[in-house]
Amino acid sequence: MEDPVIIQKLEHREIKPTAMWILVLKTLLKQTYAISVNDLENILDRADRITLFRTLKTFEQHGLVHRIDDGTGVMKYALTREAYHSAPERFHIHFFCTQCEKTYCILNSAIPDFKLPVNFRMDDVSVVMKGICDNCNHQSRQKINASDKSAP
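In structure tokens, the structure reads:
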């Protein structure tokens with residue numbers, strides 16, 4: 028029996044629940060950071076790349092996921108939160124960790140209001156901050172503390 032919450036999320040976005048689409052959505056819901064098609068392919072070893080691309084494209088067209096160009100040359104995908112389906116809430120910052128190379132959606136940071144020239148229309152905006160994530164910072168601090176304790 029499939030999870031009714033997963034099926035409801037798909038149907039809410041007018042996506043017909045298929046076995047593969049349910050599996051991909053379940054996988055995306057478990058992620059705390061954006062993932063690439065290659066990441067998804069490694070997690071779901073029985074799914075082929077073309078099927079995953081098509082699934083993510085369908086999810087994106089229906090507003091279930093959004094694509095992130097974090098500058099690595101590989102597109103990443105993250106779930107679109109329900110509250111972020113319409114502008115200006117859908118515009119948010121992404122953070123790329125230069126150590127673990129994971130990309131996170133930073134949902135509680137507003138993007139500044141850009142003043143565009145007359146007759147310019149913004150359809151999308153991409154802001155990617157780069158630095159070190161909390162997890163990598165924590166690991167670095169642990170290594171420093173461990174080396175301090177072992178020093179004479």
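Counting in my numbering, the sequence shown runs from 28 upward without gaps.
For each residue, glycine too, the CB sits at the ideal point set by N, CA and C.
Restricting attention to beta strand (DSSP E) runs no shorter than 3 residues, the region 42 to 116 encloses them at 92 to 95, 103 to 106, ordered along the chain.
The criterion of a C-beta distance shorter than 8 Å is satisfied by H89 and E41. Less than 8 Å divides the Cβ of V155 from the Cβ of G98.
Note on geometry: alpha-carbon atoms of L83 and N172 lie some 42 Å from one another.
Following the DSSP letters along the chain, one finds K36 inside the alpha helix (DSSP H) bounded by residues 31 to 39.
By the criterion of a C-beta distance shorter than 7 Å, D96 is surrounded in its chain by M102, S153, once the five residues flanking it on both sides are discounted.
Between P44 and L37, the C-beta gap is smaller than 8 Å, which places the two residues in contact. For L55, the closest alpha carbon among the candidates Y131, Y104, E128 is that of Y104. The count of Cβ pairs closer than 8 Å, one atom from the region 124 to 137 and one from the region 71 to 80, stays below three, leaving the stretches out of contact. Ranked by how close their Cα comes to the Cα of C132, the residues N164, M47, K157, H39 have K157 in first place. Annotated as proximal: T130 and A61, with beta-carbon spacing under 8 Å. For H121, the enclosing beta strand (DSSP E) has its first and last residue at 120 to 124. With contacts defined as CB atoms closer than 8 Å, I70 and K53 fail to qualify as a contacting pair. Per DSSP, reduced to three states, the secondary structure at I133 is strand.
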